[in-house]
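Novice: First the structure, which I've put down as structure tokens, then a few questions once you've had a look.
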Amino acid sequence: MSAAAGERPGDAGGLFGGRIRAGAGRPPLFATAICLLLVVAALGGGAIAPYVPDEADFTAILAPPAWVEGGSLAHPLGTDQLGRDMLSRLIAGARISLLTAGAAVLAGGTVGVALGLAAGYLGGVVEAVVMRVVDAFLALPFILMALAFVAALGTGIGNIILVMMLTNWARYARLVRSEVVSIKKRDFVLLARVAGLRPLPIALRHILPNALTSILVLGVLDVGRAIILESSLSFLGLGIQPPDVSWGLALAEGRTYMTVAWWLTVWPGLAIVLAVMSFNALGEWLKAGFDPRGRL
Amino acid sequence: MARFLLTRLGQALVTLALLTVLIFVLARLTGDPTPLVLPSEATEADRAFFRQQYGLDRPVHEQYVVFLRNVLRGDFGISFRYREPAFDLVLAAIGPTLQLAGVSMLVAILLGLPLGIAAALRPGSWLAATVRGYASLGQAMPTFWTGLMLIFVFAISIPVLPSSGYGTAANFVLPAVTLGFYASASVTMLTWANMTEALRSDFVQMERVLGIPRRLIVLKHALRNASLPIVTYLGLQFGLLLGGAVVTERVFAWPGVGQMLVDAILNRDYPVVQAAVMLTAVLVMTINLVVDLLYAVLDPRVSRS
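Chain order of the listed sequences is A and B.
Okay, so the first sequence: first residue is 1 according to full-length UniProt numbering, each after it adds one.
Okay, so the second sequence: first residue is 1 according to full-length UniProt numbering, each after it adds one.
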């Protein structure tokens, strides 16, 4: 499915009147800024956050956001049922969400690319076996797949990264295999083979670089999906476990207090939506430029 | 055509076989269920008897054969928690899940089709921009948050709808809107893309030249041409909704398979976990297969390629 298909070719004018190489249409500045902000929050979380995220303060339980009656600037977004600062918890949540999503995309991408490359380049039995396994992994809705793995492997950050990797590698394998099948018929690959290069160098040095842009686009789009998956699992109590902080986990904890403290469920949800929309917008923009025919 | 049918059927069977291997491996990864099932005061002889009964003392490949034979008979073992056959428990919960997925599908179509068509008719307008915003929001909002916010507005702030439960029509509204809104995002984008293509096609341009009324062109000719991929996609989407229902069911305490699966994982009730995953998987795969075959029947180009 091509999400950018509603755009007409003429829309891709952008800043320079002609085609921009990196993407199509105006670059999503706001989305990019949010993505960067999240990365900064993830990397420097502890230094930016006004409080320690799991420090309870029983003198400030369920304090509302600063602009609501009874709120104060000490806790601009309010506090939770244990008096923990919401802003600090959101920043800590960004760290976990981005770390798990990033690690899952990198790990799943690496495994998927390696298997897809092997399947596409070697063909034959390897291809048949890998692609049947890919089909089996793609046959199930990813949340169901993830739950099956969680049931076997358990919860916590390490296991969740593993689970997310197991649910996303097949997409990379399928993409890379189809790219490789078309690239390997091109002249420069045949030339390299005639020149006596061995299969591995050909695959790594000549074929892989040509598939890299599509892999990159899929990777960026995958970050949003990974964030949703992690927060869903955490919300169900089957993902990140306390004392670690995650947006989905914060939502599940805040749910009990929804009648008295809306901010416990509104902020983490907004954080998820903003993060996912930003990564998706960035990915769609890259896709429109690199993959105008919508093969991804 | 017959060849395509056989190939596709063969692929589905291989996938299914791989799935049983996967579930078997996962089941063994969870380790020895003996301490979970037997009370702590059970003697070593009791434990040995239990292992023998369930074939846990035999080599792995023999265990797989036993597992496969049982699965084919719909025997996933006895639920550790409810002391009832796991498969029967899951089978009883599939009804509510199918109902929720069905009604959500309807919501997704009622929202997605008109929005997609409207956006395709006015490219570059504020309407198209709004629809694009709607779709990106729908794709980015996790269902559990949509559900909680709907509960907050329609069950807590303005208490007009029930926030949980099952049985009456009112119980369907919030869960179906939650899940349907999520699915409507991709239905919208797909309708938009296919309508845009159909409107650009030569025959539509021709009809315009001939002066055929716009409403007729759009609704009768362009939409019909765009509908094949849309209908196919809706079929596949139904499978996705069965998966997506897991989280929604949890939010609204809906007595479906998803709710049962999550409960079973939290309680380490592995027979139920396996039965729930297997049953949903078979359901989703069957739907996908039927959709593929129907598509091939409706569009002969597919089976020939």
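Here a beta-carbon is modelled for each residue, glycine too, at the ideal position from N, C-alpha and C.
(1) Nearest to residue 185 (chain B) by alpha carbon, out of B:296, B:136, B:127, B:272?
(2) When the Cα atoms are used, what is the spatial distance from residue 74 (chain B) to residue 281 (chain A)?
(3) Using the beta-carbon count (16 or more within 10 Å), is residue 7 (chain B) buried or exposed?
(4) I'd like to check one pair, residue 133 (chain B) with residue 178 (chain B): are the Cβ atoms closer than 7 angstroms?
(5) Show which residues of chain B have a CB atom less than 8 angstroms away from the CB atom of residue 149 (chain A).
(6) For residue 168 (chain B) and chain A, any beta-carbon pair shorter than 7 angstroms?
(7) Verify the contact flag: residue 229 (chain A), CB atom, against every heavy atom of the ligand COA, threshold strictly below 6 angstroms.
(8) Hey, residue 139 (chain A) and residue 15 (chain B): beta-carbon distance below 7 angstroms or not?
(9) Residues in the stretch 124-153 of chain A with C-beta within 8 angstroms of chain B's C-beta atoms, listed in sequence order?
(10) Say whether chain B places a C-beta atom closer than 7 angstroms to the C-beta of residue 232 (chain A).
(11) Please name the residue, chosen from B:77, B:35, B:297, that lies closest to residue 276 (chain B) on a Cα-to-Cα basis.
(12) Are the CB atoms of residue 213 (chain A) and residue 290 (chain A) within a distance shorter than 7 angstroms?
(13) Between B:82, B:191, B:81, B:66, which lies nearest to residue 232 (chain B) when the distance is taken from Cα to Cα?
(14) Name the DSSP beta bridge partners of residue 78 (chain B), please?
(15) If you count every other CB in all the chains shown that lies within 10 Å of the CB of residue 274 (chain B), and 16 or more means buried, which is it?
(16) So is residue 19 (chain B) in contact with chain A if we call contact Cβ pairs under 7 angstroms?
(17) Kindly list the residues whose CB is nearer than 6 angstroms to the CB of residue 21 (chain A), restricted to its own chain and excluding five residues on each side of it in sequence; keep chain order.
(18) Indicate the three-state DSSP secondary structure (helix, strand or coil) for residue 187 (chain A) in the structure shown.
(19) Using only alpha-carbon positions, find the residue among B:201, B:2, B:258 that is nearest to residue 100 (chain B).
(20) Taking three-plus beta-carbon pairs below 8 angstroms as touching, is the stretch 92-106 of chain A in contact with the stretch 156-173 of chain A?
(21) On the criterion of 16 or more Cβ atoms from any shown chain inside 10 Å, does residue 128 (chain A) qualify as buried, or is it exposed?
(22) Residue 85 (chain A) by DSSP, collapsed to three states: which one?
(23) Return helix, strand or coil for residue 259 (chain A), following the three-state DSSP convention.
(24) Would you check if the distance between the CB atom of residue 267 (chain A) and the CB atom of residue 86 (chain A) is smaller than 7 angstroms?
(25) Roughly how many whole angstroms lie between the Cα atoms of residue 247 (chain A) and residue 56 (chain A)?
(26) Please report the distance separating the alpha-carbon of residue 11 (chain B) from that of residue 120 (chain A).
(27) Are the beta-carbon atoms belonging to residue 156 (chain B) and residue 59 (chain A) less than 7 angstroms from one another?
(28) Label residue 58 (chain B) either buried or exposed according to how many other C-beta atoms from any shown protein chain fall within 10 Å of its C-beta, with 16 as the threshold for buried.
(29) Can you check whether the C-beta of residue 30 (chain A) is within less than 7 angstroms of a C-beta belonging to chain B?
(30) For the alpha helix (DSSP H) containing residue 29 (chain A), name the first residue and the last one.
(31) Take residue 79 (chain B) and list the residues in its own chain whose beta-carbon comes closer than 7 angstroms to its own, dropping the five residues that flank it on each side.
(32) Are the C-beta atoms of residue 166 (chain A) and some chain B residue less than 7 angstroms apart?
(33) Per DSSP, what are the beta-bridge partners of residue 79 (chain A) in this structure?
(34) Could you name the residues of chain A that residue 243 (chain B) contacts, counting a contact when the two beta carbons are closer than 8 angstroms?
(35) Restricting to Cα atoms, I'd like to know which of A:155, A:215, A:62 is closest to residue 117 (chain A).
Specialist: Based on what the coordinates show:
(1) B:136
(2) 45 angstroms
(3) exposed
(4) Going by C-beta atoms, residue 178 (chain B) is not nearer than 7 angstroms to residue 133 (chain B).
(5) 26
(6) no
(7) The ligand COA is absent from the structure shown, which contains no ligand whatsoever.
(8) yes
(9) 132, 133, 135, 136, 139, 140, 141, 142, 143, 144, 147, 148, 149, 150, 151, 152, 153
(10) Taking 7 angstroms as the CB threshold, residue 232 (chain A) lines the interface with chain B.
(11) B:77
(12) In this structure, residue 290 (chain A) places its C-beta atom within 7 angstroms of the C-beta atom of residue 213 (chain A).
(13) For the options B:82, B:191, B:81, B:66, the alpha carbon positioned closest to that of residue 232 (chain B) is the one of B:191.
(14) B:85
(15) buried
(16) yes
(17) Because residue 21 (chain A) carries a pLDDT of 45, less than 50, the predicted location of this residue cannot be relied on, and the following value inherits that uncertainty. Contacts found: none.
(18) helix
(19) B:258
(20) yes
(21) Exposed: under 16 other Cβ atoms inside 10 Å.
(22) strand
(23) coil
(24) yes
(25) 18 angstroms
(26) If I take the Cα positions, the gap works out to 19 angstroms.
(27) no
(28) exposed
(29) no
(30) 29-48
(31) 86, 89, 269, 271, 272
(32) no
(33) Looking at the DSSP output, residue 79 (chain A) sits in a beta bridge with A:85.
(34) 140, 141, 142, 143, 144
(35) If we check each option's Cα against that of residue 117 (chain A), A:215 comes out closest.
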